[in-house]
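Numbering (my numbering), first residue to last: 345 to 401. In this text, a Cβ means the ideal position worked out from N, Cα and C, and glycines have one as well. Values in this document were obtained by computation on a predicted structure and should not be read as measured data. One structure is given here, and the rest of the page talks about it.
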Amino acid sequence: MSEPARRRWEYATIPLLIHNTKAILDSWGTDGWELVTVLPGPGGAEQLVAYLKRPVG
345 MSEPARRRWE
355 YATIPLLIHN
365 TKAILDSWGT
375 DGWELVTVLP
385 GPGGAEQLVA
395 YLKRPVG
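Shown next, in the form of structure tokens:
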């Protein structure tokens, strides 16, 4: 048996604007990006950063 193909991913980090979070994530989702997590950015909890991934190819 052959080894299963290993999926390759590309990643992106984007700042989230609190007043427009859904529209920002919907826009990236339309392009095939999947949300992995949201964490506070360097500016603290008021500046959120979204981490996304999508398959390469």
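- In the DSSP annotation of this structure, the continuous segment of the alpha helix (DSSP H) that includes I368 starts and ends at T365 to T374.
- Classified as exposed, W353 has fewer than 16 neighbouring CB atoms from the shown chains inside 10 Å of its CB.
- By the C-beta density criterion, L383 is exposed, having fewer than 16 other C-beta atoms within 10 angstroms.
- Buried is the label assigned to L396, since at least 16 other Cβ atoms lie within 10 Å of its Cβ.
- Between L361 and V393, the CB-CB gap reaches or exceeds 8 Å.
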